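2 protein chains.
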Amino acid sequence: MDSTAPLAYAQAHQDDFVHELETLLRIPSVSTDPDHADDVQAAADWLAEHFRALGVADVEVLPTDGHPVVYAAHHPHDDAPTVLVYGHYDVQPPDPLDEWDHPPFEPTRVNGDLVARGACDDKGQMLMHVKALEAYLKSDTTPPVNLTFLIEGEEEVGSQHLSEVLDTYADRLDADLVLVSDTSMLAEGQPTVVYGLRGLAYVELTMQGPNRDLHSGLYGGAVENPINALSQLLADLHDENHHVTIPGFYDDVRPLTDEERAAIADLPFDEAHWLDEIGLDTARTENGYSILEAISVRPTLDVNGIWGGYTGEGAKTVLPAAAHAKVSMRLVPDQEPEAIYDALEEALQSRVPDTMTLTVERLHGGQPVLVEPDQPIMQAAAAALNATFDREPVFVRHGGSIPIIAEFQQRLGLDSVLMGFGLESDAIHSPNEKFGLDRYAKGIETIIHYYPELAKRLA
Amino acid sequence: MDSTAPLAYAQAHQDDFVHELETLLRIPSVSTDPDHADDVQAAADWLAEHFRALGVADVEVLPTDGHPVVYAAHHPHDDAPTVLVYGHYDVQPPDPLDEWDHPPFEPTRVNGDLVARGACDDKGQMLMHVKALEAYLKSDTTPPVNLTFLIEGEEEVGSQHLSEVLDTYADRLDADLVLVSDTSMLAEGQPTVVYGLRGLAYVELTMQGPNRDLHSGLYGGAVENPINALSQLLADLHDENHHVTIPGFYDDVRPLTDEERAAIADLPFDEAHWLDEIGLDTARTENGYSILEAISVRPTLDVNGIWGGYTGEGAKTVLPAAAHAKVSMRLVPDQEPEAIYDALEEALQSRVPDTMTLTVERLHGGQPVLVEPDQPIMQAAAAALNATFDREPVFVRHGGSIPIIAEFQQRLGLDSVLMGFGLESDAIHSPNEKFGLDRYAKGIETIIHYYPELAKRLA
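In order, the protein sequences belong to chains A and B.
Each residue of the first sequence is one higher than the one before, starting from -10 at the first, in this note's numbering.
Each residue of the second sequence is one higher than the one before, starting from -10 at the first, in this note's numbering.
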């Protein structure tokens, strides 16, 4: 179980690894936008071809009713542990485009970072796993574990069809764990294993008033305005203590133990730096919770988008027929998305003025996740990270959502090891998303270490 | 002062009059949109050429720092009253485009109506005045009054440069009154003179939070959301009785007398029909006021547009850096726009959360107007309307705003006669704007009657 040769190969080929990532980043595989469907397919095909070029024999682009899933398996052993590597090749939309310093799909190297949509989330982090396998194969070293890759194209739109794939191909997906790099480190140089994720419930609201746009001079004063009404509805979703006011919203939230709160307080998290980096003087959390608690272990509600009426240049005195918003809630154990959807819908509908109708469309959701940190698959991650960074990793719960991680638990009975190399300053989902090339290299190194650390512990 | 010949000419040439209106409606003179600047100029040039073709000698397209003003004068008398005809050749933007049954700039005749952007507001109503003059000139009848036309191209963006024109060309604008057709009739077949208009104060708000769009999973819970905060700000602008909560907002509102309220209650206004026509079961007025009061003599606040975050297809989990809204207030005597702007700004800024900055841009405003209904210039209008419609006109205060009417009072000392032929169902500022061809004809007839009625009273 010697990883010297793969590590040397990775070090020698780092430039090639970056070039290949740049090639993948040039494909604008925006999964939410129907205009980019061909690009999403192209990214899947590129990845499958890349596996084949490494000599992986069992490679398939699995079709779904949405975007395809790339499957690749390299199983050199009959009785070794099997790692199911999960990642995604789709990306968020790049807008607002005019806030990018460089075109989002023309990767640009800036001060040791690679700037592009998807650089961190998740093309860069996903490709590290492919490159780690390459380092074994091309250095003529048999990886000490079996590897199955499942790389999807719908993570950014709620992994709508991956659950079907898990069911349909369950016999090919037998494994000991899921290994994922799609999360962040707590700070630069601080290796981090994520053992919890927030869930998600995402809706689109349409508030409909009169049957057409009206002149605000002729009708204003006697016709309730859908934007005013929607604003009221959204405002009422929080109280003055920044608690969510949906009845029952917190009922199933598992209380934090004193030990958990103490562990969170002990984490090396610099509140001032965190605020400074996003241009704020002050955080706004639920009363009684720290920033780190609020962004990781507490549920939230945010308006992600709003639109209605005249939004062009200048002034138009319209009293609009309708107003729209996108609203999402981050959920924590043991909140259930379906129950939360129902509670939100009931709360909203009970507050709709009688001159309006409200439509609530459920866009996508996912359950929160907790993984027991003391088990061997997690301790192998800690050892691999320590070997690379020469620093003890921390175990944290993360505020983001990867809905499919709960599905792996439910459908395949597999826990996930969330070993990510992002930083919050990587600006994922924002303009000027980036990924540090040093972290790309260290991620590959860590994964090369992980295989023998896992094999040793599961022997 | 016989108007038999002009009336006969107008009747005989009604088809031509409609064709000419259609030609003007094909020019997309959207004043708020810089992309349409050439079209706005083209509409001005078309109108000037049209005056010249009628034989009006003194015609000029007056340049301004914005869109030009068309000036035309026909003064056959040394000592007759002079009518200053005001109108506008610019139009509102046509969006939302997909709600039009026919293209907005391809006028279409539907059941006796002409459907097009500007058909009623104000190209159709403005052109009636040109056609009335034509009816005199082409029937070899000297109009019994002097006529000066001032037709601007910035009414829909607040008449920003017309005040300068009033000052610069004051010596050419000497007159006894301003005559305007840019308002509505209270109901089909009910001739109406408007003796009051609401003023306007229109702002654009930008609520700025963090320095960039953030991932709602990584930051949600500890960063105040600009859309949530703007929603709260907008919601707080009304209380549960639908009063505007800006301190001092109502201070200068002239109280309604019992006589005024009784006169409004006596007007032939069908609340059920009014509601039905816009698809509502219930109005929402300030507590204690009727629909007609609320839309004409009470001040209001409406959000005209709102936008922020992700507004495209599907789901994007963004916590946006900023949110925006357009907000306008309709003002009544004796509210002053500048004082109201200040009060709004103070109210908003005092409620901005400390993690946000709010920018308030004043887009355009105008003062409310009241004209004494018993004076000869108004009674001449009543007589002309009665002659055409065979029905006694009503005098009403109107909820819309024509900011320049207050300027005519202040800068030229002139009262305005607001004799309009629109209907609320004409959907001005909305998709499928229209104007009834019968009303176009009756408007021209009324104006032909107005000249001798005025000359008689001011003799």
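Think of the CB as a built atom: it goes at the ideal place given N, C-alpha and C, for glycine as much as any other residue.
Source: prediction; values computed, not measured.
Residue i in three-state terms, based on DSSP
i         : result
Gln179(B) : strand
Asp90(A)  : coil
Arg201(A) : coil
Phe258(B) : coil
Leu14(A)  : helix
Glu193(A) : strand
Tyr429(A) : helix
Gly389(A) : coil
Arg351(A) : strand
Glu141(A) : strand
Gly188(B) : strand
Asn276(B) : coil
Arg449(B) : Look at the range of chain B in this structure, -10 to 448, and you will see that residue 449(B) is not part of it.
Ala310(B) : coil
Ile436(A) : helix
Ile366(B) : helix
Asp291(A) : strand
Lys305(B) : coil
Leu374(A) : helix
His8(A)   : helix
Leu447(B) : helix
Arg400(A) : helix
Beta carbon of residue i nearer than 8 Å to that of residue j
i         : j         : result
Leu256(B) : Pro288(B) : no
Ala121(B) : Ile329(B) : no
Leu219(A) : Leu126(A) : no
Gly389(A) : Asn293(B) : no
Leu186(B) : Ile391(B) : yes
Leu222(B) : Leu103(B) : no
Asp111(B) : Gly76(B)  : yes
Gly409(B) : Ser170(B) : yes
Ala159(B) : Leu403(B) : no
Leu337(A) : Leu347(A) : yes
His182(A) : Phe384(A) : Sequence check: residue 182(A) is Val here, not His. For Val182(A) and Phe384(A), yes; Cβs fall inside 8 Å.
Thr377(A) : Lys445(A) : no
8 Å Cβ cutoff, residue i in contact with chain A
i         : result
Leu337(B) : no
Gln81(B)  : yes
Leu308(B) : yes
Tyr299(B) : yes
Arg453(B) : It is not possible to answer for residue 453(B), since the shown part of chain B is limited to -10 through 448.
Tyr191(B) : yes
Gly303(B) : yes
Val146(B) : yes
Thr53(B)  : no
Cβ of residue i within 8 Å of any chain B Cβ
i         : result
Gln149(A) : no
Ser390(A) : yes
Gln324(A) : no
Tyr208(A) : yes
Ile437(A) : no
Ser220(A) : yes
Asp67(A)  : no
Trp296(A) : yes
Val104(A) : no
Asp22(A)  : yes
Gly268(A) : yes
Ala416(A) : yes
Val292(A) : yes
Check your understanding: Hey, is the stretch 32 to 42 of chain B in contact with the stretch 346 to 366 of chain B, meaning 3+ C-beta pairs nearer than 8 Å?
Key -> Judged by Cβ distances under 8 Å, the stretch 32 to 42 of chain B makes no contact with the stretch 346 to 366 of chain B, as fewer than three pairs qualify.
Check your understanding: Three or more C-beta pairs closer than 8 Å, one from the stretch 190 to 201 of chain A and one from the stretch 410 to 427 of chain A: is that the case here?
Key -> With contact defined as three or more Cβ pairs closer than 8 Å, the stretch 190 to 201 of chain A and the stretch 410 to 427 of chain A are not in contact.
Point to revise | Touch test, the stretch 74 to 88 of chain A against the stretch 22 to 32 of chain A, Cβ-Cβ under 8 Å, three pairs minimum | key: Between the stretch 74 to 88 of chain A and the stretch 22 to 32 of chain A there are three or more C-beta pairs closer than 8 Å, enough to call the two in contact.
Exercise for review: Taking only runs that begin and end inside the stretch 42 to 91 of chain A, name each unbroken beta strand (DSSP E) of 3 or more residues, in chain order.
Suggested key: Those beta strand (DSSP E) runs which fall completely within the stretch 42 to 91 of chain A and span 3+ residues are 47 to 51, 58 to 63 and 71 to 77.
Practice item. Check whether the stretch 299 to 311 of chain A touches the stretch 222 to 229 of chain A, counting contact only when three or more Cβ pairs, one atom from each stretch, lie closer than 8 Å. Key: With a cut-off of 8 Å, the stretch 222 to 229 of chain A and the stretch 299 to 311 of chain A do not count as touching, because too few Cβ pairs lie within range.
Check your understanding: Does the stretch 258 to 276 of chain B come within contact of the stretch 209 to 216 of chain A, defined as at least 3 CB pairs closer than 8 Å?
Key -> Cβ pair count under 8 Å is three or more, so yes.
**Study point:** Given 8 Å, three or more beta-carbon pairs between the stretch 250 to 266 of chain B and the stretch 248 to 262 of chain A
**Key:** Flag = no, the stretch 250 to 266 of chain B and the stretch 248 to 262 of chain A do not touch.
Check your understanding: Counting pairs of Cβ atoms below 8 Å between the stretch 413 to 420 of chain B and the stretch 105 to 118 of chain B, do you hit three or more?
Key -> The stretch 413 to 420 of chain B, when compared against the stretch 105 to 118 of chain B, does touch it at the 8 Å Cβ threshold.
Exercise for review: Taking only runs that begin and end inside the stretch 94 to 162 of chain B, name each unbroken beta strand (DSSP E) of 3 or more residues, in chain order.
Suggested key: Whole beta strand (DSSP E) segments, 3+ residues: 97 to 99, 102 to 104 and 135 to 141.
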